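Chemist: My questions all concern the structure below.
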Amino acid sequence: MSWSGCSRPMSKVLLIGSPNSGKSLLFNRLTGLHHKVANFPGITVDVSTGHLHDLPGTELIDFPGTYSLQAISADERVAVEHFERSLDDAEVSHVLCVVDATRLEKSLYFTLQVIRECARHGKPVTVLANMMDVLDSHKLTLDAGALAEALQAPVLPVSGRSGKGLNAVVGALRGDQALPATWAGQSLDVPDEQLRLTAHQLAQRFGTRGDVLIRNQTRLDGIFLHSWAGGFAFFFIMYLLFQSIFTWAAPLMDAVEWLIGTVANWLVPMIGNQTVKDFTADALFGGIGAFLVFVPQIFILTFVIGLLEDSGYMARAALICHRPLRLFGLTGKSFIPMLSGVACAIPAIYAARAIDSPRKRLLTYMAIPLMPCSARLPVYTLLIAAFIPATTGLGGLVGWQGLAMFTIYFFGMFCGLLVTALVSRTSKDHYSDLPFVLELPPYRVPSLVPLLRNCWNRAKHFVTKAGKIIFAVTVGVWVLGYFPNFGSDLGTSWLGYLGHLIEPLFAPLGLDWRYGVAILSSFLAREVFVGTLGTIFGIESADEQMSPLVQHIQDSDMALGSGIALLVFFAIALQCISTLAILARESGSASLAVKMFAGYFLFAYAAAMAVYQFTSLFT
């Protein structure tokens, strides 16, 4: 993160802790940044930095959550390696170690390791006992003073959710109160086995008494982890996830479409120059405008996934999926990055660092690009709206468009599982395997303000990131389609010549050159397909009243089999250059990314061909 215009920070403060301790929420509170916070291990996949709100010149560095300084997973290695290097940094003035006050034993072993390492390097440590709001709500207490004496390090009770105790943290960093030297009386050579025993004894002494904190969790787990009720609840929740993409987003999509159409009808007639007028109508409103209509669905998708993450259900879903995923060579921990891939493949690949087994991590890398990411969502929505009627069945309980979205999403997931099953059974590698161990965090009520802020940032990031590519491609497509005949005949334009050149490749799928050009451009980014097609139809119908892209597709007489074949092709093909780059970097193998790109294209083309031929038999 760059801080242009700011002088080099006078000091650095390290923030470290175990997963699900509320560390990232504390980081957001202290810095005012809005990093993603979720309730399952592995969400923080890289080191984050920010300036402390109330301490100018002090930089706070947030490390990925880890259970021990003996790293197992890839994200733990990121935390441990950066932490050990940072202890040698002369600018590091303090270390904040976050513990979950409701689950002390889980956190204290790691805390004792951190205190020992900081003592070796002469760095003071302050322990932040987080989740004090949970203890207060259950009328439970924590003797922070006695725990500080036992740890030989100051302990400050805080709450990242309510902000309680954060002023004391800032005061401690500022030096308003004298804190004892952390390393005073500490032995620098205590073995890990002794620290583990000490952590257990301290947890027995200072940990919360009774079962009040786990009673609700056990009751809910009795439902969500039940042998059959849990499976039913899982599929019901997943169905609601994809149904909401249409039902909740529809009013927002209609509003965006109305706004774009209103602005276009007002602005375009005011432009005098015919070329500029055509560019504005065809490229800006026809191409980029057609893409913006689908942004509300990105927002809704991120919101629903965020609810699952923040509530703690995501870890339960991973546990439910572990047994079936084992059949495909994966682990329950693969579910979290795979479902994250429904939003975007890039953070999903980073999230795969939390998978302990190198073999299963590699297989998860192979499955993630087949997850139906948000970049595919505009394409799915466009084709489903063009070919599936917006009606309901079963007394209005089932919307056919939502059911089609549910089906194509699970088709992509099934293809990902099919690939990993084949690879895991046919390949031989040198990777060792590790047992499946997963922490079940407590159920918590999601905080709507950070969640909505994250959804807004995700939608904005999607528009700004994809918008640059879409704008460049749209301008290029418009220039090729408008010249040399100034839009009088799209078929004889430069774009028409290019389209006819590649048309034989897509003709077996019943697609003409226009769709071929849109598919070709989508290899830069999947969502470009919508903007490119909108620009092409905009030029083609420049003399007609502006109408939605769905109407243009329906008027183009594209066969139902071709529409389904397109859905299948986009569900499988790996068309994102950024994903390929991250895959190559995270896996350490550029050849893997190239092989996956070529293999998934051939797989997508063959599957689309089979679906088109099969559908043609009945239509």
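Residue 475 in numbering that gives the first Met the number 0 sits at position 476 of the sequence shown; the count goes up by one each step and never skips. All C-beta atoms in this analysis are idealised placements derived from N, C-alpha and C, irrespective of residue type, glycine included. Source: prediction; values computed, not measured.
Go ahead and label residue 551 buried or exposed: buried means 16 or more other beta carbons lie within 10 angstroms of its beta carbon, across all protein chains shown.
Modeler: Residue 551 sits at position 552 when you count from the first residue of the sequence shown. Label assigned to residue 551: buried.
Chemist: Looking at the unbroken beta strand (DSSP E) that takes in residue 226, where does it start and where does it end?
Modeler: Counting from one through the sequence shown, the residue named residue 226 turns up at place 227. Neither: residue 226 is in no beta strand (DSSP E) and is coded neither H nor E.
Chemist: Compute the Euclidean distance between the alpha carbons of residue 399 and residue 610, then round it to the nearest angstrom.
Modeler: Taking the first residue of the sequence shown as position 1, residue 399 is located at position 400. Taking the first residue of the sequence shown as position 1, residue 610 is located at position 611. Rounded to the nearest angstrom, the two C-alpha atoms are 20 Å apart.
Chemist: Using the beta-carbon count (16 or more within 10 Å), is residue 604 buried or exposed?
Modeler: Within the sequence shown, residue 604 is the residue found at index 605, counting from 1. Residue 604 is buried by the Cβ-count criterion.
Chemist: Suppose you measure from the CA of residue 570 to the CA of residue 525; what does that come to, to the nearest Å?
Modeler: Residue mapping note: residue 570 aligns to position 571 of the sequence shown, counting from 1. Residue mapping note: residue 525 aligns to position 526 of the sequence shown, counting from 1. Roughly 10 Å separates the two Cα atoms.
Chemist: Taking DSSP as the reference, what is the three-state secondary structure of residue 11?
Modeler: Residue 11 sits at position 12 when you count from the first residue of the sequence shown. If DSSP states are grouped into helix, strand and coil, residue 11 belongs with the strands.
Chemist: Could you tell me which residues DSSP puts in a beta bridge with residue 91?
Modeler: The residue given as residue 91 occupies position 92 in the sequence shown. For residue 91, which the question treats as bridged, DSSP gives the partners 11.
Chemist: Output the boundary residues of the alpha helix (DSSP H) element that contains residue 495.
Modeler: As a working mapping, residue 495 is identified with position 496 in the sequence shown. Note, residue 495: alpha helix (DSSP H), 493-505.
Chemist: According to DSSP, is residue 61 helix, strand or coil?
Modeler: Stepping through the sequence shown from its first residue, residue 61 is reached at position 62. Note: residue 61 maps to strand in three-state DSSP.
Chemist: Using alpha carbons as the reference points, say which of 194, 443, 370 and 463 lies closest to residue 216.
Modeler: To locate residue 216, count along the sequence shown from 1; it is residue 217. Among 194, 443, 370 and 463, the Cα nearest to that of residue 216 is on 443.
Chemist: Looking at C-beta atoms only, is the number of pairs between the segment 10-30 and the segment 71-91 that lie closer than 8 Å three or more?
Modeler: These segments touch.
Chemist: From residue 543 to residue 533, what does the alpha carbon distance come to, in whole angstroms?
Modeler: For the purposes of this step, residue 543 is identified with residue 544 of the sequence shown, where counting begins at 1. For the purposes of this step, residue 533 is identified with residue 534 of the sequence shown, where counting begins at 1. Here the model assigns residue 543 a pLDDT of 47, short of 50, so the residue's position is not dependable, and the following value carries that caveat. Distance between the alpha carbons of residue 543 and residue 533 is about 14 Å.
Chemist: Can you list, in chain order, the residues of its chain with a C-beta nearer than 7 Å to that of residue 278? Leave out the 5 residues immediately preceding and following it.
Modeler: Counted from its first residue, the sequence shown places residue 278 at position 279. Only 477 meet the Cβ criterion.
Chemist: If you draw a straight line from the alpha carbon of residue 408 to that of residue 492, how long is it in whole angstroms?
Modeler: Taking the first residue of the sequence shown as position 1, residue 408 is located at position 409. Taking the first residue of the sequence shown as position 1, residue 492 is located at position 493. Rounded to whole angstroms, residue 408 to residue 492 spans 37 Å at the Cα level.
Chemist: Can you check which of these residues, 118, 165 and 119, is closest to residue 26 by C-alpha distance?
Modeler: Here the question's residue 26 lines up with position 27 in the sequence shown. The option with the nearest alpha carbon to residue 26 is 165.
Chemist: State yes or no: is the C-beta of residue 53 within less than 8 Å of the C-beta of residue 23?
Modeler: Residue mapping note: residue 53 aligns to position 54 of the sequence shown, counting from 1. Residue mapping note: residue 23 aligns to position 24 of the sequence shown, counting from 1. No. Outside cutoff.
Chemist: Let me know if residue 599 comes out buried or exposed under the rule of 16 or more other beta-carbons within 10 Å of its beta-carbon.
Modeler: Numbered from its first residue, the sequence shown carries residue 599 at position 600. The residue is buried, with at least 16 neighbouring Cβ atoms inside 10 Å.
Chemist: Quick check: the segment 339-347 against the segment 219-235, are there 3 or more CB pairs under 8 Å?
Modeler: The segment 339-347 vs the segment 219-235: no contact.
Chemist: Just the Cα atoms here: how many angstroms apart are residue 568 and residue 79?
Modeler: Position 569 of the sequence shown, counted from the start, is the residue given in the question as residue 568. Position 80 of the sequence shown, counted from the start, is the residue given in the question as residue 79. When rounded, the distance between both Cα atoms is 42 Å.
Chemist: Inspect the CB distances between the segment 406-425 and the segment 363-372 and report whether three or more fall short of 8 Å.
Modeler: A contact exists between the segment 406-425 and the segment 363-372.
Chemist: Mind checking whether residue 606 and residue 592 have CB atoms under 8 Å apart?
Modeler: Counted from its first residue, the sequence shown places residue 606 at position 607. Counted from its first residue, the sequence shown places residue 592 at position 593. Cβ atoms of residue 606 and residue 592: not closer than 8 Å.
Chemist: Could you tell me the boundaries of the alpha helix (DSSP H) in which residue 588 lies?
Modeler: Within the sequence shown, numbered from 1, the residue matching residue 588 stands at position 589. Segment: none, residue 588 is in no alpha helix (DSSP H) and carries neither H nor E.
Chemist: Can the beta-carbon of residue 305 be found closer than 8 Å to that of residue 453?
Modeler: To locate residue 305, count along the sequence shown from 1; it is residue 306. To locate residue 453, count along the sequence shown from 1; it is residue 454. In contact: residue 305 and residue 453 (Cβ atoms closer than 8 Å).
Chemist: For residue 47, write down the residues that DSSP places opposite it in a beta bridge.
Modeler: Locating residue 47 in the sequence shown gives position 48, where the first residue counts as 1. DSSP output for residue 47 lists 61 as bridge partner(s).
Chemist: What's the gap between the Cα of residue 619 and the Cα of residue 135?
Modeler: Residue numbering for the chain in the displayed model covers 0 to 618; residue 619 lies beyond these limits and cannot be assessed.
Chemist: Going by DSSP in three states, residue 217 sits in which element: helix, strand or coil?
Modeler: The residue given as residue 217 occupies position 218 in the sequence shown. If DSSP states are grouped into helix, strand and coil, residue 217 belongs with the helices.
Chemist: With 16 as the cutoff for other CB atoms within 10 Å, does residue 424 come out buried or exposed?
Modeler: Working through the sequence shown from its first residue, we reach residue 424 at position 425. Under this definition residue 424 is an exposed residue.
Chemist: What residue range is occupied by the uninterrupted alpha helix (DSSP H) comprising residue 27?
Modeler: Taking the sequence shown and counting its residues from 1, the one referred to as residue 27 is at position 28. Note, residue 27: alpha helix (DSSP H), 22-30.
Chemist: Let me know if residue 83 comes out buried or exposed under the rule of 16 or more other beta-carbons within 10 Å of its beta-carbon.
Modeler: Your numbering for residue 83 matches position 84 in the sequence shown. Answer is exposed; the Cβ neighbour count stays below 16.
Chemist: In terms of residue numbering, what span does the beta strand (DSSP E) encompassing residue 156 cover?
Modeler: Counting from one through the sequence shown, the residue named residue 156 turns up at place 157. Counting along the chain, the beta strand (DSSP E) containing residue 156 begins and ends at 154-156.
Chemist: Just to confirm the assignment: which complete alpha helix (DSSP H) runs, minimum length 4, are found wholly within the segment 91-139?
Modeler: Runs found: 103-120 and 131-136.
Chemist: For residue 305, does the three-state DSSP call read helix, strand or coil?
Modeler: Your numbering for residue 305 matches position 306 in the sequence shown. Here residue 305 sits in helix by DSSP.
Chemist: Tell me whether residue 480 sits in a helix, a strand or coil according to DSSP, three-state version.
Modeler: Within the sequence shown, residue 480 is the residue found at index 481, counting from 1. Three-state DSSP puts residue 480 in a helix.
Chemist: If you compare alpha carbons, which of 320, 268 and 144 is closest to residue 224?
Modeler: Translated into positions along the sequence shown, residue 224 becomes position 225. The shortest Cα separation from residue 224 among 320, 268 and 144 belongs to 320.
Chemist: What is the rounded straight-line gap between the Cα of residue 243 and the Cα of residue 329?
Modeler: Taking the sequence shown and counting its residues from 1, one reaches residue 243 at position 244. Taking the sequence shown and counting its residues from 1, one reaches residue 329 at position 330. Answer to the nearest angstrom: the Cα atoms are 28 Å apart.
Chemist: CA-CA distance, residue 273 and residue 482?
Modeler: As a first step, residue 273 is located in the sequence shown; it is residue number 274 there, counting from the start. As a first step, residue 482 is located in the sequence shown; it is residue number 483 there, counting from the start. Their backbone Cα atoms lie some 13 Å apart in a straight line.
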